[in-house]
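Colleague:
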Amino acid sequence: ERAIEQCRPGKHLGDIGWAVQELAESHGYSVVRDYVGHGIGRQMHEDPQIPNYGKPGQGPKIKAGYVFAVEPMVNMGGHHTKVLSDGWTVVTRDGQPSAHSEHTIAITEVGPEVLTRVAPVGQQQAVLMTCN
1 ERAIEQCRPG KHLGDIGWAV QELAESHGYS VVRDYVGHGI GRQMHEDPQI PNYGKPGQGP
61 KIKAGYVFAV EPMVNMGGHH TKVLSDGWTV VTRDGQPSAH SEHTIAITEV GPEVLTRVAP
121 VGQQQAVLMT CN
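All letters in the sequence shown, in the order written, are residues 1 to 132 by the working numbering.
1. According to DSSP, is Ser-26 part of a helix, a strand, or is it coil?
2. Measuring CB to CB, does Ile-107 end up less than 7 Å from Ala-69?
3. If contacts are defined as beta-carbon pairs under 8 Å, then Pro-48 and Pro-60 qualify, I think. What distance do you get, rounded to the angstrom?
4. Round the Cβ separation of His-38 and His-45 to the nearest angstrom and send it over; I've been treating them as touching at under 8 Å.
5. Arg-93: which of His-12, Arg-2, Gly-77, Gly-111 sits nearest, CA to CA?
6. Taking a contact to mean a Cβ-Cβ separation below 7 Å, would you say His-103 touches Val-118 in this structure?
7. Excluding sequence positions up to five away, which residues of its chain have a Cβ less than 6 Å from the Cβ of Val-36?
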């Protein structure tokens, strides 16, 4: 949620990464640096890259109309990763547990709209009915 709060016109991409990093590290965790969130457009993975670390006020400014995936990857150990022999599976280099989540966010003039947020039970039917 802290990262989503930073997804507003006029903020910087570094503000998003800083929100993820600061929260994780304040609780003794690390964040993956080898993989990042990304823009979404005509292709699944587009610029800009959205790192899970950064400095407030750094990086390009966020503009209304952007759509991107914020993908925090938080580790119990260090931030280094490795790819297993299957060429696909990524694990932490030190073998410690890691968690990865993702939200796709559209930036509007008034702030973030989380496109991947699931409606609470009971409201899901209403959401489905409006999509038909």
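The beta-carbon is built from N, C-alpha and C at its ideal position, and this holds for glycine as well.
Modeller: Judging by the given coordinates:
1. As a first step, residue 26 must be located in the sequence shown, where it is residue number 26. The answer is helix: DSSP assigns Ser-26 an H, G or I state.
2. By one-based count along the sequence shown, residue 107 stands at place 107. By one-based count along the sequence shown, residue 69 stands at place 69. Not in contact: Ile-107 and Ala-69 (Cβ atoms no closer than 7 Å).
3. Within the sequence shown, residue 48 is the residue found at index 48, counting from 1. Within the sequence shown, residue 60 is the residue found at index 60, counting from 1. Yes, Pro-48 and Pro-60 are in contact; Cβ-Cβ is about 6 Å, under 8 Å.
4. Indexing the sequence shown from 1 puts residue 38 at position 38. Indexing the sequence shown from 1 puts residue 45 at position 45. Contact holds; Cβ gap of about 5 Å.
5. Looking up residue 93 in the sequence shown gives position 93. Here the closest residue by C-alpha is Gly-77.
6. Within the sequence shown, numbered from 1, the residue matching residue 103 stands at position 103. Within the sequence shown, numbered from 1, the residue matching residue 118 stands at position 118. Not in contact: His-103 and Val-118 (Cβ atoms no closer than 7 Å).
7. Residue numbering aside, residue 36 sits at position 36 when the sequence shown is read from its first letter. Around Val-36: Gln-49, Ile-50, Pro-51.
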